[in-house]
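Trainee:
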Amino acid sequence: LASLYAELDYIHPFRDGNSRTLREFTRELAEASGFHLQWEYFGQNKGGRDALYVARDRSVNELALPNIKAEVMRRNVVFSMDQLEGNKDLAGLLKDAAHHLVRPARADAFQRLPEAEAVLAFPELKEAYATLRRADFYSATKVANAPQLREQFVAGVRATIQEKLNAGETQGLGPAKPAEKSKSVKTKQPSRSTPDRER
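When we follow the UniProt record's numbering, the leftmost residue of the sequence shown carries the number 1, and every step to the right adds one.
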């Protein structure tokens, strides 16, 4: 993703709006691949935006440098790269922010959409919602007179499911399966020979 972004930015096809266009393009590409890309993570504060732009500039300059023929331009790019030295390039920045930036679209659907819409888009979420209903029923039977405890319990189950979905897991969203008891086949051991039997 970082390479694609840097290469497209290097081409710089538009007079204005390249960053916005590239973020939207990569967001749509990620969605088509089943992931939710949250560029907003870098826009939460000025430092985040600056880190993204510096990383982008470093990556684009590294791509451009071998192709620059004019000596003055080459010196300017090298000077710019020296000033940005020590900052992450785009690949490094995105790698460090990946757990905030990219997550499976099904995880986003589970968090943001009503159940019917989420299950329509991602049928594998049926088991996750069934687990939430079982958790609610269980808490209602065990702590009926403590609504706050019930809410905390169901919220904990939801958070666990959300963590699994964020990590890309789709299995194990239902109740834990009891371990199968191993069927021990009793085999008759041959009787050991004792001194009395040997006689």
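Glycine residues also receive a C-beta, built at the ideal position from the N, C-alpha and C atoms.
Could you tell me which residues DSSP puts in a beta bridge with His36?
Mentor: Taking the sequence shown and counting its residues from 1, one reaches residue 36 at position 36. His36 pairs with Arg103.
Trainee: Specify, as a first and last residue, the run of the alpha helix (DSSP H) that Gly156 falls within.
Mentor: Taking the sequence shown and counting its residues from 1, the one referred to as residue 156 is at position 156. Unbroken alpha helix (DSSP H) run through Gly156: 147-166.
Trainee: Just mark Asn61 as buried or exposed, buried being the case when its beta carbon has 16 or more other beta carbons within 10 Å.
Mentor: Position 61 of the sequence shown, counted from the first residue, corresponds to residue 61. Per the 10 Å Cβ criterion, buried.
Trainee: Nearest to Ala2 by CA position, among Glu163, Lys88, Arg150, Asp136, is which residue?
Mentor: In the sequence shown, counting from the first residue as 1, residue 2 sits at position 2. For the residues Glu163, Lys88, Arg150, Asp136, the minimum Cα distance to Ala2 belongs to Lys88.
Trainee: Would you say Glu31 lies against chain B (beta-carbon separation less than 8 Å)?
Mentor: The structure shown contains no chain B; it holds only a single protein chain.
Trainee: For Glu124 versus Thr170, is the C-beta spacing smaller than 8 Å?
Mentor: Translated into the one-based positions of the sequence shown, residue 124 becomes position 124. Translated into the one-based positions of the sequence shown, residue 170 becomes position 170. In contact: Glu124 and Thr170 (Cβ atoms closer than 8 Å).
Trainee: For Lys186 and Gly156, what's the separation of their Cα atoms in angstroms?
Mentor: Indexing the sequence shown from 1 puts residue 186 at position 186. Indexing the sequence shown from 1 puts residue 156 at position 156. Low confidence applies to Lys186: its pLDDT is 47, below 50, so where it sits in the model is not reliable enough to give any reading.
Trainee: Going by C-alpha to C-alpha distance, which of Glu40, Ile161, Asn18 sits closest to Arg106?
Mentor: Counting from 1 along the sequence shown, the entry for residue 106 is found at position 106. Of Glu40, Ile161, Asn18, the residue nearest in Cα terms is Ile161.
Trainee: Take the Cβ of Pro104 as the centre, count every other Cβ of all protein chains shown within 10 Å, and call the residue buried at 16 or more, exposed below.
Mentor: Against the sequence shown, residue 104 aligns to sequence position 104. When all chains shown are included, Pro104 counts as buried.
Trainee: CB-CB under 6 Å to Ala121, same chain, minus the five flanking residues each way: which ones, in chain order?
Mentor: Here the question's residue 121 lines up with position 121 in the sequence shown. The answer, listed in chain order, is Ala109.
Trainee: Using DSSP with H/G/I as helix, E/B as strand and the rest coil, what is Arg27?
Mentor: On the sequence shown, residue 27 is found 27 positions in, with the first residue counted as 1. Three-state DSSP puts Arg27 in a helix.
Trainee: Check whether the Cβ atoms of Gln38 and Leu113 lie closer than 8 Å to each other.
Mentor: By one-based count along the sequence shown, residue 38 stands at place 38. By one-based count along the sequence shown, residue 113 stands at place 113. No, they are not a contact pair.
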